[in-house]
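Going by the numbering used here, the first residue of the sequence shown is number 436, and it counts up by one from there.
Glycine residues also receive a C-beta, built at the ideal position from the N, C-alpha and C atoms.
Okay, structure first, notes after.
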Amino acid sequence: MAAPPATRPRHATYDRTDRSDARAVLAAVIQAQTEAEPLQRIERQDLNPRATVWVDELTRDPQAFALSVSRGLSTRPRQLDCRYLYDEIGSELFARITEQPEYYPTRAEAEILADHAEALAHELGDAVICELGSGTSEKTRLLLDAWSRRADGEFHYVPVDIDPVVLRGAAEDLAAHHPNLHVSGLATSYENALVRLRDVTPKALLFLGSTIGNFDPAEMDKFLRQVEAALQPGDAFLLGIDLVKDPHVLEAAYNDAAGVTERFTLNLFDRMNRELDAAIPAEAVEHVAFWNERQDQIEIYGRFRRDVRIELPDLEQSFSVERGEMVRVEVSRKFRVGPMAEALASYRLRLDRALTDADRRFALLLLRRTSEVEPGDAAG
Ligand code: AVI
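Structure follows, in structure tokens:
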């Protein structure tokens with residue numbers, strides 16, 4: 436670990452005229468937050484002179500999956516935490532989902548980013564780009580390329596992802612392709628990352644892909660409170676949201692003809708077998724995904740074709756699931772720009788612009804953190 440700074444820097448700013456120590460300042464801020472929260476064991480790994488990754492060891496609790504499954508199978512209706520869809524196989528399957536002809540959100544959002552990257556770089560070019568759930572940073576490259584062309588000095592990207600392997604790969608690759616870019620990856624939860632990034636300003640916080648749609652209302656509220664606290668007045672928040680549309684289009688996106696989404700759902704039950712010895716017969720579960728019009732959300736379930744006992748030997752528990760039972764694995768909420776802007780205003784996030792693709796399937800909201808709640812400005 437690097438030596439802690441003598442005093443904790445407040446609101447580290449990145450002046451376009453003096454970016455030479457941007458990396459040192461950012462590292463100091465992250466380090467200072469680490470010192471402030473000694474319960475987090477965070478390790479710094481320098482990959483090359485312009486790419487560093489900070490790995491939070493505590494987010495990898497080996498019992499967490501078993502406990503989460505136990506909780507999910509004990510509640511009615513039964514539901515599993517969608518976070519666990521993304522092991523190595525699940526992440527690979529999700530990457531393939533984004534290539535399926537029926538799954539439009541990734542392409543629609545990439546279209547928006549490609550169309551507006553230059554304008555966004557012009558408007559936000561001074562800001563440190565921080566991204567939650569960055570993965571391979573594939574779509575963000577469109578923004579980084581534009582930032583790179585515009586920057587007259589160095590610029591900074593802080594990708595945040597729970598998977599340190601993916602993060603390391605992306606950090607090294609991005610630094611190699613952009614000679615004026617510094618990457619400081621954070622392998623930790625959104626919550627921990629947002630605490631660490633509080634004092635980095637000006638920043639543009641990205642949360643793309645409509646991942647916010649996978650939060651239930653209580654999770655979304657908690658997340659937006661953390662975002663509100665992490666942003667300083669004037670900081671930008673770029674939020675990707677999938678929009679309510681024709682149910683046929685929505686249902687097709689989650690029931691692709693090639694069966695990739697089906698495998699993605701079933702992998703969660705396979706993962707329970709692989710990691711928890713759950714003993715679920717492979718053919719006993721089927722993928723079901725449909726549009727719930729009342730809630731404006733796609734719901735995805737594993738439906739049991741027959742009675743099954745799910746074992747959790749490490750916890751000395753087992754659960755009887757009956758034929759026909761549906762265990763929810765994910766919701767994917769869809770939004771409308773006006774009501775979403777209104778909801779965001781109560782977190783001191785003011786909508787500056789809603790950018791959409793040509794077919795208005797998806798929106799990228801450009802929001803600014805205000806000092807006060809501005810209800811009158813909310814409607815988008
Ligand atoms: C990551 N998230 C935004 C995807 C979605 O569309 O809700 C996850 C997904 N699940 C099945 N297909 C895609």
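| query | result |
| --- | --- |
| Do you know offhand how far H683's Cα is from R729's? | 16 angstroms |
| Would DSSP call Y592 helix, strand or coil? | strand |
| Taking the CB atoms as reference points, tell me whether V764 and I735 lie closer together than 9 angstroms. | yes |
| Which whole-angstrom value describes the C-beta separation of N702 and T696, a residue pair presumed to lie in contact below a C-beta threshold of 8 angstroms? | No, N702 and T696 are not in contact; Cβ-Cβ is about 10 angstroms, not under 8 angstroms. |
| Is there at least one non-hydrogen atom of ligand 1 closer than 8 angstroms to the beta-carbon of A501? | no |
| Please name the residue in L641, P536 and A543 whose C-alpha comes closest to that of N567. | Per the sequence shown, residue 567 should be read as Leu rather than Asn. It is L641. |
| One question on the structure: do S569 and T575 come within less than 9 angstroms of each other, judged by their Cβ atoms? | yes |
| Does the separation of the CB atoms of V405 and R744 fall below 9 angstroms? | A question about residue 405 goes unanswered here, because the residues of the chain that appear run from 436 up to 815. |
| Listed in chain order, which residues are found with a beta carbon closer than 6 angstroms to a heavy atom of ligand 1? | I532, P540, G644, S645, T646, G648, N649, Y689, T696, F699, E765 and S767 |
| If you follow the beta strand (DSSP E) that T791 is part of, which residue opens it and which one closes it? | L784 to T791 |
| To the nearest whole angstrom, what separates the beta carbons of L559 and A639, a pair I think is in contact under 8 angstroms? | 5 angstroms |
| Going along the chain, which residues of its own chain have a beta-carbon closer than 6 angstroms to the beta-carbon of L632, five neighbours each way excluded? | C565 and A665 |
| Could you please give me the residues that DSSP links to N727 through a beta bridge? | Q732 |
| Are D705 and A717 closer than 9 angstroms when you measure CB to CB? | yes |
| Between the alpha carbons of A441 and Q480, how many angstroms are there, rounded? | Model confidence at A441 stands at a pLDDT of 39, short of 50, so the residue's coordinates are unreliable; what they give is reported in the following sentence. Straight-line Cα distance between these residues: approximately 22 angstroms. |
| Could you spell out where the alpha helix (DSSP H) holding F821 opens and where it closes? | No answer is possible for residue 821: the residues shown for the chain start at 436 and end at 815. |
| Rank D670, R741, A778 and L800 by C-alpha distance to the C-alpha of V563 and give the top, closest one. | D670 |
| Could you work out which residue in Q661, A486, V601 and P652 is closest to S767 when comparing CA atoms only? | P652 |
| Would you report the Cα separation of F725 and E686, rounded to the nearest angstrom? | 6 angstroms |
| Since G675 sits in a beta bridge, which residues does DSSP pair it with? | L799 |
| Is it buried or exposed for R741, if we count other Cβ within 10 angstroms and need 16 for buried? | exposed |
| I think L616 touches A610, with their Cβ atoms under 8 angstroms apart; what is that distance to the nearest whole Å? | 6 angstroms |
| Thinking C-alpha only, which one of A780, D580 and S645 is nearest T805? | A780 |
| Would you say Y592 and S619 are within 9 angstroms of each other, going by their C-beta atoms? | yes |
| Need the endpoints of the beta strand (DSSP E) that F658 sits in, please. | Segment P652 to A665 is the alpha helix (DSSP H) holding F658; no beta strand (DSSP E) there. |
| Kindly indicate the opening and closing residues of the beta strand (DSSP E) around G620. | L616 to A622 |
| What's the gap between the Cα of A778 and the Cα of V662? | 14 angstroms |
| Take A841 as the anchor and find which of D491, F754 and I676 has the nearest alpha-carbon. | As shown, the chain starts at 436 and ends at 815. That puts residue 841 outside it, with no answer to give. |
| Checking the sheet assignment: what are the DSSP bridge partners for N483? | A486 |
| Once DSSP output is grouped into helix, strand and coil, what is the label at L515? | coil |
| Using CA coordinates, which residue listed in E573, E807 and R511 is at the minimum distance from L784? | E807 |
| Beta strand (DSSP E) containing V743: first to last residue? | V743 to L747 |
| Just to confirm the assignment, what range does the alpha helix (DSSP H) spanning V601 have? | P599 to H612 |
| Might you give, ordered along the chain, the residues of its own chain that have their beta carbon closer than 6 angstroms to the beta carbon of A543, omitting 5 neighbours on each side? | D792, R796 and F797 |
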